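**Q** Let me give you the structure first, and then I'll get to my questions.
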Amino acid sequence: MSDSLYRRIISFTNARLWQLVHIDVLLLSSLLILITGGLFVLYSASGQDIATVERQVFRLAIGMGVCVVLAQLPPKYMRRASPLLFVGLVLLLVGVLLFGVGAKGAQRWLALPGGLRFQPSEIMKVVMPMMVAWYFADRQLPPSLKQIATVLVIIIVPVLMIAKQPDLGTSLLVAVSGIFALFLAGLGWRYIIGAAALAPIAGYSLWQVMHDYQRQRVLTFLNPESDPLGSGWNIIQSKTAIGSGGMYGKGWLEGTQAQLDFLPESHTDFIIAVLAEEFGLVGCSVLLLAYLLVIARGLYISAMAEDNYARLLAGSLTLTFFVYLFVNIGMVSGILPVVGVPLPLVSYGGTSIITIMATFGILMSIQTHKRAR
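According to numbering that gives the first Met the number 0, the sequence shown is numbered sequentially starting from 0.
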């Protein structure tokens, strides 16, 4: 047997094996590159605390397990479960408002046995696009005005409940995940232009119902130097760290802003500032390239999906992942207000990591369960 034929057989066998276990190799490879690089940055951002890295690895392992399990579940079963999951989570959100556990002025969790806590709003980031995709699955597209109104009600109800916790950042992400599914269903330009025209009114209404600390974040975003030692400290130190990194950075573990504790939340929301200081523009570009590979693969899976449900779900999940990335980098660099959105798969976290990995499990399921043509 020639070497070329042998390599072809091995290549076919490996491809067939991955298909049998419903793993998308390209997506998995991109995720592993992103996660590995993130752990190196986290070690530095946490003050070289190996215990923090170990906890992150444990949570990533759980997230990877969730990803693999969901990848085995055919999309048709996800479709059937979508309305049940949505109604169940809405009831849990009601439970949060009535019986939830509070911390730092927010009531966002349900208490579980063993001292554990569960945040239903995080899961809604995944279930919301599942519900909207289910609604449009067997309907003629583009959607009619009545269908658009129905979907907006589906989106608004849980969003208002999450905002009341209060959790403005998560409520906006849940809203975005549903709106992306609506947009991908073929939302007409007249509706998009109409929504844009109403945006100032919506912005003013939102300002009126925002809490004082949320308004302060917006004011700080507009002029962080107005309170450099108070509310403006985070963003000023973040931009200082980013700027001091230059083209190639100061070197791993050599960043002064994080290592000397000038940069708050350096291992969570502001971790990309640590990356920029230690690895410079080149390091940030490499990270963004890894994110680009993940997003490109997700959009390809959406474009190649077999039905409306899979297409809308894959597309909205991928675009929501992009919003995670855009919002975090935007707030760290000072072009968006600080809303507490972590850098996906790099920032230290718990529920958010598992939720994000669940989205990639769904994407793998959509890609690997397609019928042979």
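In this text, a Cβ means the ideal position worked out from N, Cα and C, and glycines have one as well. These figures come from a predicted structure and were not determined experimentally.
(1) Along the alpha helix (DSSP H) that carries L288, what are the first and last residues, could you check?
(2) Using the C-alpha atoms, what's the distance from P263 back to S230?
(3) Taking the C-alpha atoms as reference points, what is the distance between R372 and E305?
(4) What's the gap between the Cα of Y299 and the Cα of F85?
(5) If we call anything under 8 angstroms between Cβ atoms a contact, is S346 one with T267?
(6) Would you kindly work out how many angstroms separate the C-alpha atoms of V208 and A162, rounded to a whole number?
(7) What residue from S28, I22 and H21 has the CA that sits closest to Y290's CA?
(8) Return the Cβ separation of L259 and L26 in integer angstroms, given the expectation that the two are a contact with Cβ distance under 8 angstroms.
(9) Pick helix, strand or coil for W108, following the three-state DSSP scheme.
(10) Would N233 be called buried (16 or more neighbouring beta carbons within 10 Å of its own) or exposed?
(11) Can V52 and I270 be called in contact, C-beta distance under 8 angstroms?
(12) Which residues does DSSP list as the beta-bridge partners of G101?
(13) Near A357, which residues of its chain fall below 7 angstroms by C-beta distance, leaving aside the five closest residues on each side in sequence?
(14) Just the C-alpha distance for G62 and V93, rounded to the nearest angstrom, thanks.
(15) Just checking my contact of G187 with V131 at CB under 8 angstroms: how many whole Å lie between their CB atoms?
(16) Taking the alpha carbon of V285 as the point to measure from, which residue in L172, G329, Q118 and L33 has its own alpha carbon closest?
**A** Let me spell this out:
(1) I270 to A302
(2) 12 angstroms
(3) Below a pLDDT of 50, predicted positions are generally treated as unreliable, and R372, at 44, falls in that range; the measurement from the model is reported next regardless. Roughly 11 angstroms between the two C-alpha positions.
(4) CA-to-CA, the gap between Y299 and F85 works out to about 27 angstroms.
(5) yes
(6) 10 angstroms
(7) Nearest C-alpha to Y290: S28.
(8) Not quite, the Cβ-Cβ distance comes to about 38 angstroms (not below 8 angstroms), so this is no contact.
(9) strand
(10) buried
(11) For V52 and I270, no; Cβs fall outside 8 angstroms.
(12) Q106
(13) V65, C66, L69 and V125
(14) 26 angstroms
(15) At roughly 16 angstroms, the Cβ-Cβ gap does not stay under 8 angstroms, so G187 and V131 are not in contact.
(16) L33
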